[in-house]
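Student:
Number of protein chains: 2
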Amino acid sequence: MQDRSQTLSPMIDKLQLWRPLDPAEKRAILALPHKVEEARAHACLVREGEKPSHSCLLLEGFAFRHKVLVDGSRSISAIHMKGDIVDLQNALLGTADHSVETLTRATVAFIPREEMKRIAFEFPSVGLAMWYDTLVDGSIFREWIANIARRDAAARLAHLLCEFGLRLQAIGLGDRRSYQLPMTQEQLADATGLTSVHVNRTLMDLESRGLIARSKKAVTIADWKRMEDAAGFNEAYLHLRGQVSLSPP
Amino acid sequence: MQDRSQTLSPMIDKLQLWRPLDPAEKRAILALPHKVEEARAHACLVREGEKPSHSCLLLEGFAFRHKVLVDGSRSISAIHMKGDIVDLQNALLGTADHSVETLTRATVAFIPREEMKRIAFEFPSVGLAMWYDTLVDGSIFREWIANIARRDAAARLAHLLCEFGLRLQAIGLGDRRSYQLPMTQEQLADATGLTSVHVNRTLMDLESRGLIARSKKAVTIADWKRMEDAAGFNEAYLHLRGQVSLSPP
DNA sequence: GGGCTGCCCAAACCTATGTTGGGTCGATCA
DNA sequence: TGATCGACCCAACATAGGTTTGGGCAGCCC
Numbered sequence: 175m176q177d178r179s180q181t182l183s184p185m186i187d188k189l190q191l192w193r194p195l196d197p198a199e200k201r202a203i204l205a206l207p208h209k210v211e212e213a214r215a216h217a218c219l220v221r222e223g224e225k226p227s228h229s230c231l232l233l234e235g236f237a238f239r240h241k242v243l244v245d246g247s248r249s250i251s252a253i254h255m256k257g258d259i260v261d262l263q264n265a266l267l268g269t270a271d272h273s274v275e276t277l278t279r280a281t282v283a284f285i286p287r288e289e290m291k292r293i294a295f296e297f298p299s300v301g302l303a304m305w306y307d308t309l310v311d312g313s314i315f316r317e318w319i320a321n322i323a324r325r326d327a328a329a330r331l332a333h334l335l336c337e338f339g340l341r342l343q344a345i346g347l348g349d350r351r352s353y354q355l356p357m358t359q360e361q362l363a364d365a366t367g368l369t370s371v372h373v374n375r376t377l378m379d380l381e382s383r384g385l386i387a388r389s390k391k392a393v394t395i396a397d398w399k400r401m402e403d404a405a406g407f408n409e410a411y412l413h414l415r416g417q418v419s420l421s422p423p
Numbered sequence: 175m176q177d178r179s180q181t182l183s184p185m186i187d188k189l190q191l192w193r194p195l196d197p198a199e200k201r202a203i204l205a206l207p208h209k210v211e212e213a214r215a216h217a218c219l220v221r222e223g224e225k226p227s228h229s230c231l232l233l234e235g236f237a238f239r240h241k242v243l244v245d246g247s248r249s250i251s252a253i254h255m256k257g258d259i260v261d262l263q264n265a266l267l268g269t270a271d272h273s274v275e276t277l278t279r280a281t282v283a284f285i286p287r288e289e290m291k292r293i294a295f296e297f298p299s300v301g302l303a304m305w306y307d308t309l310v311d312g313s314i315f316r317e318w319i320a321n322i323a324r325r326d327a328a329a330r331l332a333h334l335l336c337e338f339g340l341r342l343q344a345i346g347l348g349d350r351r352s353y354q355l356p357m358t359q360e361q362l363a364d365a366t367g368l369t370s371v372h373v374n375r376t377l378m379d380l381e382s383r384g385l386i387a388r389s390k391k392a393v394t395i396a397d398w399k400r401m402e403d404a405a406g407f408n409e410a411y412l413h414l415r416g417q418v419s420l421s422p423p
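From first to last, the protein sequence lines stand for chains H and F.
Per our numbering, the very first residue in the first sequence carries number 175; after that it's consecutive.
Per our numbering, the very first residue in the second sequence carries number 175; after that it's consecutive.
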């Protein structure tokens, strides 16, 4: 574990995807009160219906948001990785409308929600970056709606694989064209509105078409351009090049 | 048209669903510079790829967000009504990742995005309510993902009808059990990931099961409880009773 | 080392939804 | 008055994806 005073630095890196922060703002973030915990894989971080008093920030590992419907089926609405403020939504909204669970072993920092509100208004640049972050989450949700509503199984999975690769790359965790995917086929199914059986069929189809190669949990995308075409993928919705267009408030 | 100094009051009403505002905050909202325009039905308010410099606030009428995919199919990700700040997302994010179009004749107010940022940080209570508003939008997106991914056609449509009724009622525009639905079957299809043919079949099925009655564009829900059951509907995700749980920043 | 357990893979079969190509009706307008 | 148009409705047929069932294999624990 690194110097305690730097534990929250993944949050800085993430927010700086959206807009630059000056030294005072960074110091304020690092000084946020928090407690760090290790969570094992498949641990529940927030449960639907609870009233979380803390936001939680992913320092390492992966997690996902999901809801389970009355008939027992499950819908995954987002995948999260290092630096993501996984629970601003539930914490600010009061009562959680969905659950959050780890995908892998993870280390998370819990920050009191009052502190998140305080820093947002005391340092408008930080507040704006946080707001921007929730707006990008919204943009991703919209793309997922289109993905599930209007693309066939192969394109849906290809799209998810493109997104995952690009997001990993954006936070410096590897190459969009080759990475570890810490999800089972059943989880992929819940994230794409398919069944695990069909995810299996479809992944093998993508592989036989030479679009991807797999071994264990590793995925490699042979030809990014062809993959984008198969997915109907357009990275604009991730807003990864957005920060330049924002003038200070 | 009412007194010009009150034109933006629907925004106040909407934000007060999320948290109370004091007189100074309300005055600041009413004083926001803006220009009002009438839009006919099917008018485009924002086009994907543009860089909007203004947020637009719906004062009257209905609108929706959508994207069109490469194969020409369309996905509707949200429906909007009076008081909704339809374009905070695109305006703050810089370049629009989706389009916004009116459903009916509508009157909209355009507010410069710099003014939206200014008021959010000058009056933290207003800022928090706006942030909260974008978070509720996010919550609705997640529910739509679950709706499209995991419910069958009848439940999907029933769910949309429940949501629309409740939201109309929340802004004082009628009764959740009986209202005008300003959408064609094709638009319903694009909002539920179905085809218009199947929407037609399914609406007639819902009607034959006695869940809804229709005449022209009016829908009436015979038995709210039964409808909720058919839809797997749980209103928690709309956060309409959320404001009490928020303490001031 | 033997028995779990979780995940991947396979094949046969089924059904909800998509597709195509019509038809009707009311509103609008020349 | 008739032409045009948009929205709704209808029926026959096609198919993507769901369901069910079971096999194989690796890792893990007693």
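Using N, Cα and C, we set each Cβ at its ideal position, and we do this for glycine too.
Determine the direct distance from the alpha carbon of F:L380 to that of F:V371, and round the result to whole angstroms.
Tutor: Computed Cα separation, rounded: 15 Å.
Student: Could you name the residues of the same chain whose beta carbon sits closer than 7 Å to that of F:H208, not counting the 5 residues immediately before and after it, in chain order?
Tutor: The answer, listed in chain order, is L182, A283, F284 and I285.
Student: Using 10 angstroms around the beta-carbon of F:S382, count the other beta-carbons present and answer buried if the total reaches 16, otherwise exposed.
Tutor: The residue is exposed, with fewer than 16 neighbouring Cβ atoms inside 10 Å.
Student: Rounded to a whole number of angstroms, what is the C-alpha to C-alpha distance between F:I250 and H:L302?
Tutor: For F:I250 and H:L302, the distance between alpha carbons rounds to 27 Å.
Student: Within 10 Å of its beta-carbon, does H:P263 have 16 or more other beta-carbons around it, so buried, or fewer, so exposed?
Tutor: Before going on, a small fix: residue 263 of chain H reads as Gln here, not Pro. H:Q263 is buried by the Cβ-count criterion.
Student: Buried or exposed for F:V244, going by 16 or more other Cβ atoms inside 10 Å?
Tutor: Classification for F:V244: exposed.
Student: Short of 6 Å in beta carbon distance, which residues of its chain neighbour H:A165, apart from the five on each side in sequence? Order them along the chain.
Tutor: No answer is possible for residue 165 of chain H: the residues shown for chain H start at 175 and end at 423.
Student: Buried or exposed: H:C230, going by 16 or more other Cβ atoms within 10 Å of its Cβ?
Tutor: When all chains shown are included, H:C230 counts as buried.
Student: Please list, in chain order, all residues of the same chain as H:L189 whose beta carbon is under 6 Å from its beta carbon, the five residues on each side excluded.
Tutor: Correct list, in chain order: A303.
Student: Are the C-beta atoms of F:S200 and some chain H residue less than 7 Å apart?
Tutor: In the sequence as presented, Ser is not what sits at residue 200 of chain F; that position holds Lys. Not closer than 7 Å to any Cβ of chain H, the Cβ of F:K200 fails to qualify, so no.
Student: Please report the distance separating the alpha-carbon of H:Y411 from that of F:F315.
Tutor: Straight-line Cα distance between these residues: approximately 15 Å.
Student: Please report how far the alpha carbon of H:E296 lies from the alpha carbon of F:S299, in whole angstroms.
Tutor: Their Cα atoms are separated by approximately 13 Å.
Student: Where H:A217 and H:T281 are concerned, what is the direct C-alpha to C-alpha distance, given to the nearest angstrom?
Tutor: Going by the C-alpha atoms only, they are around 11 Å apart.
Student: List, from N- to C-terminal side, the alpha helix (DSSP H) runs of 4 residues or more that fit wholly inside the region 315 to 391 of chain F.
Tutor: For the region 315 to 391 of chain F, whole alpha helix (DSSP H) runs of length 4 or above, ordered along the chain, are 327 to 344, 359 to 366 and 370 to 382.
Student: Taking the alpha-carbon positions, what's the F:L414 to H:G268 distance?
Tutor: F:L414 and H:G268: Cα-Cα distance of roughly 11 Å.
Student: Output the boundary residues of the alpha helix (DSSP H) element that contains F:R287.
Tutor: First-last of the alpha helix (DSSP H) with F:R287: R287 to E296.
Student: Measure the alpha-carbon distance for H:M255 versus H:T308 and round it to whole angstroms.
Tutor: So the two alpha carbons sit approximately 15 Å from each other.
Student: Would you report the Cα separation of F:A396 and F:D258, rounded to the nearest angstrom?
Tutor: So the alpha carbons of these two residues sit roughly 28 Å apart.
Student: Please go through the same chain and pick out, in chain order, the residues whose beta-carbon is closer than 6 Å to the beta-carbon of H:Q417, but skip the five residues on each side of it.
Tutor: Low local confidence applies: a pLDDT of 48 at H:Q417 is under 50, so the model's placement there is unreliable, and no value is given.
Student: Could you check what DSSP says for H:A270 in three-state terms: helix, strand or coil?
Tutor: H:A270: coil per DSSP, three-state reduction.
Student: Closest Cβ-Cβ distance between F:A328 and chain H: below 7 Å?
Tutor: No - not a single Cβ of chain H is within 7 Å of the one on F:A328.
Student: Rounded to the nearest angstrom, what separates F:T394 and H:V210 at their Cα positions?
Tutor: Whole-angstrom Cα-Cα distance: 52 Å.
Student: Opposite F:L231 in the DSSP bridges: which residues?
Tutor: Bridge partners of F:L231: F:I259 and F:A283.
Student: With C-beta atoms as the reference, is H:L385 less than 7 Å away from H:A404?
Tutor: Yes, these two residues count as a Cβ contact at 7 Å.
Student: Determine which residues of the region 309 to 321 of chain H have a Cβ less than 8 Å from any Cβ of chain F, and write them out in chain order.
Tutor: Those would be L309, V310, D311, G312, S313, F315, R316, E317, W318, I319 and A320, in chain order.
Student: Starting from the Cα of F:Q361, find the closest Cα among F:D311, F:F238, F:Q343 and F:S273 and give me that residue.
Tutor: Per the Cα distances, F:F238.
Student: Please classify H:L302: does DSSP put it in a helix, a strand, or coil?
Tutor: Reduced to three states, the DSSP call for H:L302 is helix.
Student: Quick check on H:K188: does DSSP put it in helix, strand or coil?
Tutor: Helix.
Student: According to the Cβ coordinates, are F:L232 and F:V260 closer than 7 Å?
Tutor: Yes, these two residues count as a Cβ contact at 7 Å.
Student: Let's see if you can read the secondary structure: which residues bound the beta strand (DSSP E) around F:K209?
Tutor: That run of the beta strand (DSSP E) goes K209 to A213.
Student: Look at the Cβ atom of H:R350, then the Cβ atom of H:L340, and state whether they are nearer than 7 Å.
Tutor: Yes, they are a contact pair.
Student: Could you name the residues of chain H that F:R324 contacts, counting a contact when the two beta carbons are closer than 7 Å?
Tutor: Chain H residues near F:R324: L243, S247, S249 and G367.
Student: Kindly say whether F:F238, judged by its beta-carbon, lies nearer than 7 Å to any beta-carbon of chain H.
Tutor: For F:F238, the answer is no, since every Cβ of chain H falls outside 7 Å of its Cβ.
Student: Looking at the C-beta of F:D196, does it have a partner C-beta in chain H at a distance below 7 Å?
Tutor: It does not; no Cβ of chain H falls within 7 Å.
Student: For H:T278, which residues from the same chain have a beta carbon less than 8 Å from its beta carbon, with the 5 sequence-adjacent residues on both sides left out?
Tutor: Taken in chain order, the residues that qualify are A215, G235, F236 and P356.
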